[in-house]
Amino acid sequence: MPAASALAERRFWLVKSEPDAFSWQQQVANGTEPWTGVRNAQAASFLRAMRRGDRAFFYHSNVGKEIVGVVEVAREAYPDPTEAVPEGRAPRWVCTDMRAVGPMPRPVPLSAIKAEPALAEIGLIRQSRLSVMPISPEHWALLCRMGGWEG
DNA sequence: GCCAACGTTGGC
DNA sequence: GCCAACGTTGGC
């Protein structure tokens, strides 16, 4: 089907990274980068649900605590090469490839997200430890407005 | 540095 | 299968 249908089906996500481990600046420098290291069953199931062309906010956890950019799913889930698979066992974890799309003109801090009543139900707040989560189209649009993102 | 949330592990 | 102990994440 044409692009309109693919666009309508595009889903939105938020992925977290500690900038000390892997930062937005590194993502930009590398262009496309495997999103590895997810070791949580719920987060992994969200990675598996990602489709090529889906977009995600890139959030800096611990240091910064703000949405700093937008990435796009460039390759759907495949076995995470950083997993140490025990002898005779099947690989368990997956990664996706993420491509940097662009920086948020105004990074959106966690404090601003918490201060916005319309975002009270967002996974980032309700389940603070989850590192990969879906974002509803409405929340995506609102966060884009808050960050000055014209996408 | 502390603590809440929560996932995992292991004894029973 | 239950649950205490422990480890990790991530905000404060």
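Note that UniProt numbering has the first sequence beginning at 1, numbered continuously upward. Note that beta-carbon positions come from the ideal geometry of N, C-alpha and C, so glycine has one too.
DSSP, reduced to helix, strand and coil, places Ser131 outside both helices and strands of the structure shown, so it counts as coil.
Between Arg75 and Arg52, the beta carbon gap of about 7 Å places them in contact (Cβ cut-off 8 Å). Nearest neighbour of Glu83 by Cα position, chosen from Gly31, Gly69, Ala44, Leu14, turns out to be Ala44. Distance from Asp97 to Glu33 at the Cβ level is roughly 7 Å; contact confirmed, criterion being Cβ atoms closer than 8 Å. For Phe46, the enclosing alpha helix (DSSP H) has its first and last residue at 41-49. If you ignore the 5 residues before and after Gly102, its C-beta comes within less than 7 Å of the C-beta of Gly69, Val70, all in its own chain and listed in chain order. Taking C-alpha positions only, Lys114 is separated from Glu87 by approximately 45 Å. A distance below 8 Å between beta-carbons, with the five flanking residues on each side excluded, links Val94 to the following residues of its chain, in chain order: Val38, Ala44, Leu47, Arg48, Ala77, Tyr78, Pro79, Asp80. Ala56 has Trp13, Val71 as its beta-bridge partners, per DSSP. Close CB contacts of Ala118 within its chain, under the 7 Å cut and outside five residues either way in sequence, are with Leu142 (chain order). Cα atoms of Gly147 and Trp140: separation of roughly 11 Å, rounded to the nearest angstrom. Just so you know, the alpha carbons of Cys144 and Ile122 end up roughly 14 Å apart.
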